[in-house]
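Taken in order, these protein sequences are the chains called A, B and C. Going by our numbering, the letters in the first sequence line up with residues 536 to 943, in that order. Going by our numbering, the letters in the second sequence line up with residues 6 to 119, in that order. Going by our numbering, the letters in the third sequence line up with residues 3 to 137, in that order. Idealized CB from N, CA, C, for every residue including glycine. Structure, as structure tokens:
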Amino acid sequence: MKKFLEITLGILTAIGGFVDIGDIVANAESGARFHMSLAWVVIVGVVGIIVYAEMSGRVAALSGRAVFDLVRERLGPRVALTNLLASYFINFLTLTAEIAGVSLALQLASSVNYLLWIPLVAFLVWFVIWRVKFETMERIFGILGLVLIVFVVVVWRLGDWHTLSATALHPSIPKGEGIPTYFFFAIALFGAAMTPYEVFFFSSGAVEEHWTRTDLMVNRANVYIGFALGGILSLALMASADLVLSPGGISVSHLSQVTLPAALTIGKLGVAVTIVGFFAATFGAALETALSAGYTVSQFFGWQWGTFVKRVEAPRFHAVVILSVIMAAMVGLTTIDPIKVTEYSIVLSAAALPLTYFPILVIANDPDYVGEKTNSKFLNVIAFSYLVLLVIVALATIPLMIATKGGS
Amino acid sequence: MRLSDFLQAEVLDDNDVSIGRVQDVRLIQDGPVIGTWGAAFSIEGLIVSKRGVGARLGFHRSNVKGPLPLKALFEWIFRDARLVEWERIRSIEEGRIRFRGTYEDLKAPDPLSG
Amino acid sequence: MTRAGNRIDAGLGLLDRQILDKDGKDSGNVDDLELFAREEGGAPYVMYILAGPGALARRLRGRAGAWLESAFERLHHSEDPHPARIPFGVVKDIKHSVELSISKRGLDVTTIEDWVRDHFISKIPGAYHDPGGTK
Numbered sequence: 536m537k538k539f540l541e542i543t544l545g546i547l548t549a550i551g552g553f554v555d556i557g558d559i560v561a562n563a564e565s566g567a568r569f570h571m572s573l574a575w576v577v578i579v580g581v582v583g584i585i586v587y588a589e590m591s592g593r594v595a596a597l598s599g600r601a602v603f604d605l606v607r608e609r610l611g612p613r614v615a616l617t618n619l620l621a622s623y624f625i626n627f628l629t630l631t632a633e634i635a636g637v638s639l640a641l642q643l644a645s646s647v648n649y650l651l652w653i654p655l656v657a658f659l660v661w662f663v664i665w666r667v668k669f670e671t672m673e674r675i676f677g678i679l680g681l682v683l684i685v686f687v688v689v690v691w692r693l694g695d696w697h698t699l700s701a702t703a704l705h706p707s708i709p710k711g712e713g714i715p716t717y718f719f720f721a722i723a724l725f726g727a728a729m730t731p732y733e734v735f736f737f738s739s740g741a742v743e744e745h746w747t748r749t750d751l752m753v754n755r756a757n758v759y760i761g762f763a764l765g766g767i768l769s770l771a772l773m774a775s776a777d778l779v780l781s782p783g784g785i786s787v788s789h790l791s792q793v794t795l796p797a798a799l800t801i802g803k804l805g806v807a808v809t810i811v812g813f814f815a816a817t818f819g820a821a822l823e824t825a826l827s828a829g830y831t832v833s834q835f836f837g838w839q840w841g842t843f844v845k846r847v848e849a850p851r852f853h854a855v856v857i858l859s860v861i862m863a864a865m866v867g868l869t870t871i872d873p874i875k876v877t878e879y880s881i882v883l884s885a886a887a888l889p890l891t892y893f894p895i896l897v898i899a900n901d902p903d904y905v906g907e908k909t910n911s912k913f914l915n916v917i918a919f920s921y922l923v924l925l926v927i928v929a930l931a932t933i934p935l936m937i938a939t940k941g942g943s
Numbered sequence: 006m007r008l009s010d011f012l013q014a015e016v017l018d019d020n021d022v023s024i025g026r027v028q029d030v031r032l033i034q035d036g037p038v039i040g041t042w043g044a045a046f047s048i049e050g051l052i053v054s055k056r057g058v059g060a061r062l063g064f065h066r067s068n069v070k071g072p073l074p075l076k077a078l079f080e081w082i083f084r085d086a087r088l089v090e091w092e093r094i095r096s097i098e099e100g101r102i103r104f105r106g107t108y109e110d111l112k113a114p115d116p117l118s119g
Numbered sequence: 003m004t005r006a007g008n009r010i011d012a013g014l015g016l017l018d019r020q021i022l023d024k025d026g027k028d029s030g031n032v033d034d035l036e037l038f039a040r041e042e043g044g045a046p047y048v049m050y051i052l053a054g055p056g057a058l059a060r061r062l063r064g065r066a067g068a069w070l071e072s073a074f075e076r077l078h079h080s081e082d083p084h085p086a087r088i089p090f091g092v093v094k095d096i097k098h099s100v101e102l103s104i105s106k107r108g109l110d111v112t113t114i115e116d117w118v119r120d121h122f123i124s125k126i127p128g129a130y131h132d133p134g135g136t137k
């Protein structure tokens with residue numbers, strides 16, 4: 536059990552990253568429209584985030600420095616400031632979407648309009664950060680999010696492996712869908728797996744938990760188990776949508792449609808469990824993004840940050856968190872469509888990714904920070920290939936977004 | 006005088022020909038003893054190159070080994086880098102530094118290990 | 003003529019690094035260095051580390067830098083606003099971070115932090131709660 540609790544940081548990061556409101560919708564929608572033809576993207580994304588998070592966790596354990604600190608050290612203040620503004624903006628969009636997402640999950644459970652839930656949810660997000668110990672927070676939401684394994688159960692019960700493997704192993708573009716749309720969804724899924732805020736949160740979390748040299752194995756376990764689990768959950772969401780929603784011609788535009796597979800195969804209990812899982816995952820993601828807002832700004836300026844010190848010792852960090860949560864709630868209250876917001880934010884994160892990935896790759900090779908634990912030759916081959924891939928994806932993103940009008 | 010006054014300043018030789026901009030400033034710990042720190046860092050020289058992208062990535066240091074394609078690329082980009090020792094500097098104006106001699110008299114900066 | 007001593011490239015090894023005080027608390031970044039020209043000639047040496055918006059502004063240059071500089075000067079009360087200075091003599095070690103031998107409370111790097119604490123964060127209930135873990 537103690538060993539299990541050590542990997543809750545990875546589980547929370549991954550669940551908040553992979554099955555937050557944006558991914559729930561992106562995965563279900565791509566399953567409904569493209570069957571399993573995009574499953575390979577999730578796998579490429581999972582391996583990518585494992586490489587990225589392992590490097591950032593290792594650097595954090597050995598040097599006590601988290602991602603945004605390092606971005607500025609290697610890129611200089613001007614480029615890093617541009618990077619900060621872009622990362623903060625994308626992170627803020629995601630925070631807005633998550634606060635609205637938690638409210639949507641509460642609407643499913645209570646039939647009370649989500650707009651009424653938004654102020655309460657925003658307050659709760661701040662309150663947990665203000666009052667709850669980091670480890671406690673990560674355990675509660677990490678473990679609660681695990682109930683989303685219900686989607687694996689749904690796919691298991693349906694048991695139609697033949698249908699799933701047909702499109703998973705031989706990806707093809709269904710009739711009525713264009714090639715640009717296919718690639719737009721591919722980028723959205725890739726961006727959903729490799730969101731930068733996961734790595735801001737994970738590496739800062741490692742510092743919050745005072746990881747040291749002796750925690751390098753813990754880092755690996757967190758990364759391999761946590762992110763693999765996140766990947767399995769996204770594939771299960773996609774598969775259940777393929778098997779249940781696709782035959783009925785249902786396209787996903789609302790969170791309640793994602794609960795349909797569980798309703799049809801497991802019944803009311805299935806729906807209840809799904810809603811609890813959605814709540815935990817989106818709330819976890821709201822915590823991740825609210826904290827990441829404070830982490831990135833504080834680390835750029837060198838301010839004291841973190842929840843491991845007294846609140847008064849990190850005043851500017853907490854001020855950024857509070858103001859970000861308030862602004863996100865206000866944007867959410869404008870009745871902006873949270874699902875559209877999150878779709879754009881994951882696509883934009885794919886475009887911004889090389890800016891934060893590159894400095895981490897450089898520093899994971901720098902003995903000043905990691906001593907003799909620099910990247911192995913083998914890891915560098917993979918990590919460099921991903922750098923090339925990330926640059927290609929980033930360059931393709933904006934033209935595809937315009938060409939497909941956001942995948943519609 | 007701030008360090009940032011040097012960074013990105015244009016460096017001109019005896020014939021007023023530009024050899025590039027200051028990309029970094031090499032310090033050496035041989036100044037007067039200050040506080041509990043010990044000998045102060047003083048300027049050994051300016052690292053000058055015509056290329057400005059990625060000067061601070063650290064690939065020129067001998068203990069940074071990879072990733073190989075990046076190390077090779079940035080070492081190639083900065084192959085023109087030279088160290089203008091402090092003793093050679095004639096004048097410092099805003100954004101413009103003149104030194105005695107020409108590009109051919111300068112050495113490439115030694116790669117530091119740390 | 004070769005000089006003897008440890009060498010460091012200031013841009014790569016000092017600028018933008020985190021400053022940690024004697025208790026390991028984050029105390030700003032190395033935003034710039036102030037050099038002192040010796041009267042007897044010879045190369046200038048590093049006298050102070052500069053930290054905070056007043057020093058960062060000049061490094062950002064362009065419009066963002068000008069904006070930050072004017073904001074800093076307006077907020078600063080004194081006639082001659084200068085950025086927070088840390089004497090290099092209190093530096094203990096330079097690794098991936100710059101470690102100091104004194105507490106940041108004895109330096110003027112905490113002005114803005116103290117203001118945000120006194121006017122905002124300390125007024126929220128639970129602000130002094132000890133989370134039970136120090137770095």
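Ignoring anything shorter than 3 residues or poking outside the segment 28-54 of chain B, list the beta strand (DSSP E) runs there in chain order.
For the segment 28-54 of chain B, whole beta strand (DSSP E) runs of length 3 or above, ordered along the chain, are 47-54.
Going by the beta-carbon positions, is the gap between Ile546(A) and Gly761(A) smaller than 8 angstroms?
Their beta carbons are under 8 angstroms apart, which means Ile546(A) touches Gly761(A) by this criterion.
What do you reckon, are the CB atoms on Ala53(C) and Ala86(C) nearer than 8 angstroms?
Their beta carbons are under 8 angstroms apart, which means Ala53(C) touches Ala86(C) by this criterion.
Answer with buried or exposed for Ser598(A), where buried requires no fewer than 16 other C-beta atoms within 10 angstroms of its C-beta.
By the 10 Å Cβ count, Ser598(A) comes out buried.
Could you have a look at Tyr47(C) and say whether DSSP puts it in helix, strand or coil?
Strand at Tyr47(C).
For Val663(A), I'd like the list of residues in its chain whose CB is within less than 7 angstroms of its CB, leaving aside the five on either flank, ordered along the chain.
Same-chain partners within the cutoff: Met672 and Leu822.
Would you tell me roughly how many angstroms separate the C-alpha atoms of Leu778(A) and Ser920(A), rounded to the nearest one?
About 34 angstroms.
Thinking C-alpha only, which one of Gly740(A), Ser827(A), Glu589(A) and Pro612(A) is nearest Leu14(C)?
Here the closest residue by C-alpha is Pro612(A).
Just the Cα atoms here: how many angstroms apart are Glu101(C) and Pro715(A)?
Cα to Cα, Glu101(C) sits roughly 52 angstroms from Pro715(A).
Is the CB-CB distance between Ala828(A) and Val856(A) below 8 angstroms?
Yes, they are a contact pair.
Reducing DSSP to helix, strand and coil, say where Glu98(B) ends up.
Residue state, collapsed to three classes: strand.
Take Leu484(A) and list the residues in its own chain whose beta-carbon comes closer than 8 angstroms to its own, dropping the five residues that flank it on each side.
Residue numbering for chain A in the displayed model covers 536 to 943; residue 484(A) lies beyond these limits and cannot be assessed.
Rounding to the nearest angstrom, what Cα-Cα distance links Pro894(A) and Arg609(A) in this structure?
Computed Cα separation, rounded: 6 angstroms.
Phe835(A) and Arg607(A): beta carbons closer than 8 angstroms?
Yes, these two residues count as a Cβ contact at 8 angstroms.
Nearest-angstrom Cα distance between Ala6(C) and Leu117(B)?
Answer to the nearest angstrom: the Cα atoms are 14 angstroms apart.
Starting from Val30(B), find everything on chain C with Cβ-Cβ shorter than 8 angstroms and list it in chain order.
Near Val30(B) (Cβ distances below 8 angstroms), the residues of chain C are Asp11, Ala12 and Gly13.
Is the beta carbon of Gly63(B) sitting closer than 8 angstroms to the one on Asp901(A)?
Yes.
Would you report the Cα separation of Lys76(B) and Leu896(A), rounded to the nearest angstrom?
When rounded, the distance between both Cα atoms is 12 angstroms.
Which of the three DSSP states is assigned to Lys137(C) in this structure?
Because Lys137(C) sits at a pLDDT of 40, beneath the cut-off of 50, its placement in the model cannot be relied upon, and the following sentence gives the value as read from the coordinates. Lys137(C) falls in the coil class under three-state DSSP.
Could you tell me whether the segment 912-932 of chain A touches the segment 613-633 of chain A, where touching means 3 or more Cβ pairs closer than 8 angstroms?
The segment 912-932 of chain A is not in contact with the segment 613-633 of chain A.
CB-CB under 7 angstroms to Asp95(C), same chain, minus the five flanking residues each way: which ones, in chain order?
Answer for Asp95(C): Glu101, listed in chain order.
Chain B partners of Val146(C), CB-CB under 9 angstroms?
Nothing can be reported for residue 146(C), as the shown portion of chain C is limited to 3 through 137.
Counting only Cβ pairs nearer than 9 angstroms, list the residues of chain C close to Arg568(A).
Correct list: empty, because the minimum Cβ distance to chain C is about 42 angstroms.
Indicate whether at least one CB of chain B lies closer than 8 angstroms to the CB of Val663(A).
No, Val663(A) lies away from the interface with chain B (no Cβ there is under 8 angstroms from its Cβ).
What's the gap between the Cα of Asp150(B) and the Cα of Pro889(A)?
With chain B covering only 6 through 119, there is no way to say anything about residue 150(B).
With distances taken Cα to Cα, identify the nearest neighbour of Asp28(C) among Arg755(A), Ala849(A) and Gly812(A).
For the residues Arg755(A), Ala849(A) and Gly812(A), the minimum Cα distance to Asp28(C) belongs to Ala849(A).
Measure the C-alpha to C-alpha separation of Pro72(B) and Asn915(A) and round it to an integer number of angstroms.
The straight-line gap from Cα to Cα measures roughly 6 angstroms.
So is Asp21(B) in contact with chain C if we call contact Cβ pairs under 8 angstroms?
Chain C, which has no Cβ nearer than 8 angstroms to the Cβ of Asp21(B), makes this no.
What residues match up with Ala53(C) in a beta bridge as DSSP calls it?
In the DSSP output, where bridge partners are listed per residue, Ala53(C) has Ala86(C).
As an exercise, report each continuous alpha helix (DSSP H) stretch of at least 4 residues that is fully enclosed by the segment 577-665 of chain A, in chain order.
Entirely contained in the segment 577-665 of chain A, the alpha helix (DSSP H) runs reaching 4 residues are, in chain order, 602-645.
If we ignore side chains and look at the alpha-carbon of each, how far apart do Val905(A) and Gly580(A) end up?
Roughly 25 angstroms separates the two Cα atoms.
Within 8 angstroms (strictly less), CB to CB, does Val53(B) reach chain A?
So, not an interface residue.
What are the boundary residues of the alpha helix (DSSP H) that includes Glu564(A)?
Where Glu564(A) is concerned, the enclosing alpha helix (DSSP H) stretches over Ile556 to Phe569.
Alpha carbons only, please: which of Trp665(A), Ala657(A), Leu655(A) and Ala640(A) is nearest the one belonging to Ile123(C)?
Considering only alpha carbons, the answer is Trp665(A).
Using 8 angstroms as the limit for Cβ to Cβ distance, is Thr136(C) near chain B?
With a pLDDT of 43 at Thr136(C), under the threshold of 50, the predicted position of this residue should be treated as unreliable, though the coordinate-derived value follows. Chain B, which has no Cβ nearer than 8 angstroms to the Cβ of Thr136(C), makes this no.
Pick from Glu15(B), Glu99(B) and Pro114(B): whose alpha carbon is nearest that of Ser67(B)?
Of the candidates Glu15(B), Glu99(B) and Pro114(B), the one whose C-alpha sits nearest the C-alpha of Ser67(B) is Pro114(B).
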